[in-house]
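According to the numbering used here, the residues represented by the sequence shown are 394 to 738, in order. Even glycine gets a Cβ: it sits at the ideal position worked out from N, Cα and C. None of these values were measured; they are calculated from a predicted model. Here is the structure we will look at.
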Amino acid sequence: MQQSSIKNYEFETGVYRPPSEGGSASLFLRMTRNCPWNHCTFCAMYKSEKFELRNPEDIIQNINVMHDIYLQLKEISLKQGQAGIFSNQTFSQFLKKTPELYFHQGISMLFNWLAVEGKTVFLQDADSLIMKTDHMIQVLKHLKTTFPTIQRITSYSRSRTIVRKPEADLEKIRKAGLDRLHIELATGDAALLKKVKKGATPEDHVKGGQKAMKAGFQVSEYWMPGLGGKTLSKDHALNTAQILHQINPHYIRSRPFTPRPGTILYEKASRNELERMTPKEQLLEIRQTLEPLNITSRVCFDHAGNHWTAPDGRLLLSQSYEGYQFPEEKENLLGLIEKGIGHYS
Ligand code: SF4
């Protein structure tokens with residue numbers, strides 16, 4: 394085997410992915426760089442970074458590089474008598490031959506993904522559907538052909554982008570292999586959406602969510618308990634419930650509001666200008682959001698921000714990625730929330 398140059402091993406990965414996307418077992422494939430909107434006042438993820446589309450040829454080249462690494466690992470594994478299975482020994486042997494990759498930010502991710510037989514992929518960064526449809530399909534087809542072990546491909550997107558995409562294009566993208574969309578709803582309240590500069594109206598959220606569902610995607614909608622503080626809590630809860638009810642997505646995921654360094658809301662919090670909610674008030678708001686829901690979604694609290702504890706000191710709500718199935722587990726979930734409200738009284 395020949396030792397390759399640094400240039401041959403260039404592939405790009407971003408930083409962020411949803412916790413539910415397989416942890417270290419997902420391949421990160423960067424389709425665009427950063428966020429094309431980047432104005433949400435609660436979000437610090439891509440704040441200082443400029444949005445860029447990537448050429449499909451460059452993304453395809455990245456896929457080819459990763460596949461080349463895969464072939465080399467396989468050869469090493471066979472030589473080591475490990476029948477093509479990848480172990481730590483296989484990876485160390487490979488890195489000895491290609492020390493230039495030792496500090497590559499994506500190499501551990503790629504090793505982990507290959508070690509678990511390469512099943513799930515997350516397309517980065519904040520809104521892959523903003524790519525031209527043809528470009529996206531070109532990349533998806535190449536990805537699936539190159540790594541036939543892939544079973545699921547997922548991505549972030551924005552409601553406004555989905556609204557703008559023709560239905561036929563969404564269906565083509567779905568058929569080309571993109572399975573799941575993660576959408577940051579934040580709130581269904583029009584005034585609060587405007588206040589936090591979400592770049593979407595309640596109508597955009599409903600239309601975007603419904604279009605994604607109709608095109609056959611698995612849809613995860615993220616909502617942010619506590620985003621409106623005490624003053625807007627009731628409107629936030631009831632209007633979010635209305636929107637979620639109309640979309641009835643596969644997953645609803647709770648991401649309680651916390652001021653993040655680097656955001657306008659963090660600066661306000663530092664100056665004591667932000668109305669914060671107590672754990673009990675957050676739970677009261679969540680109860681108000683969930684009570685009216687007549688849906689068949691799974692409601693999930695799969696993030697450390699869902700920190701409430703039960704009287705016995707354990708976590709109040711399950712942080713499983715699959716959460717609570719509605720309507721079957723709705724009463725059970727509301728009962729747990731009630732218990733938490735009592736605990737914090
Ligand atoms: S659209 Fe998403 S990634 Fe972009 S600023 Fe808003 S929350 Fe952050």
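Proximity to Ser521 across Ile555, Lys673, Leu420, Ala593 peaks at Ile555, based on C-alpha coordinates. Leu667 is not a Cβ neighbour of Tyr615, given a cutoff of 8 Å. Rounded to whole angstroms, the Cβ separation of Ser550 and Ile576 is 6 Å, and the two are in contact under 8 Å. Across the set Leu658, Gly407, Asp451, Gln603, the C-alpha of Leu658 shows the shortest separation from the C-alpha of Leu620.
Counting of Cβ neighbours within 10 angstroms places Asn725 among the exposed residues, the total staying below 16.
Beta-carbon to beta-carbon, Phe610 and Leu637 are separated by about 16 Å, too far to satisfy the 8 Å threshold. In this structure, the C-beta of Tyr659 stays at least 7 Å away from each heavy atom of ligand 1. Counting C-beta atoms within 10 angstroms of its own C-beta, Gln675 has 16 or more neighbours from the protein chains shown and is therefore classed as buried. Scanning its chain for C-beta atoms nearer than 6 Å, with the 5 sequence neighbours on each side dropped, one finds around Met617 the residues Ala579, Arg648, Phe650, in chain order.
Within its own chain, the residues whose Cβ lies closer than 8 Å to the Cβ of Asp572, once the five positions on either side in sequence are excluded, are Arg545, Ile546, Thr547, Phe610, Gln611, listed in chain order. By the C-beta density criterion, Ser626 is buried, having at least 16 other C-beta atoms within 10 angstroms. Residue pairing by DSSP puts Ile546 in a beta bridge opposite Val514.
Secondary structure at Trp616: strand, using DSSP grouped into helix, strand and coil. Closest in C-alpha terms to Arg646, from the list Glu405, Val408, Gly407, Ser413, comes Ser413. As the crow flies, the alpha-carbon of Arg553 is around 34 Å from that of Leu709.
Between Leu488 and Met459 the beta-carbon gap is near 15 Å, outside 8 Å, which marks them as no contact.
Here DSSP, grouped into helix, strand and coil, assigns Ser485 to helix. By the C-beta criterion, the stretch 529 to 537 is judged not to be in contact with the stretch 578 to 598, since fewer than 3 inter-stretch pairs fall below 8 Å. In the three-state reduction of the DSSP assignment, Ser419 falls in the strand class, which pools E and B. CA-to-CA, the gap between Glu596 and Glu560 works out to about 17 Å. Straight across, the Cα-Cα distance linking Leu446 with Met524 is about 7 Å. Bridge pairing for Val692: Ile645, Tyr717 [DSSP]. The nearest non-hydrogen atom of ligand 1 is 7 Å or more from the C-beta of His598. One Cα belongs to Tyr463, the other to Gly570, and the distance between them is close to 21 Å. Ile576: member of the beta strand (DSSP E) spanning 573 to 579, first to last residue.
Taking 7 Å as the cut-off, one finds at least one heavy atom of ligand 1 near enough to the beta carbon of Trp430. The residues Val692, Leu726, in chain order, have a CB closer than 6 Å to that of Tyr717 in the same chain once the five nearest residues on each side in sequence are set aside.
Taking C-alpha positions only, Ile679 is separated from Ser470 by approximately 51 Å.
Glu577 has its Cβ nearer than 7 Å to a heavy atom of ligand 1. Here DSSP, grouped into helix, strand and coil, assigns Gln611 to strand. Where Ser552 is concerned, the enclosing alpha helix (DSSP H) starts and stops at 552 to 557. At the C-beta level, Ile452 and Met424 come within 8 Å of one another.
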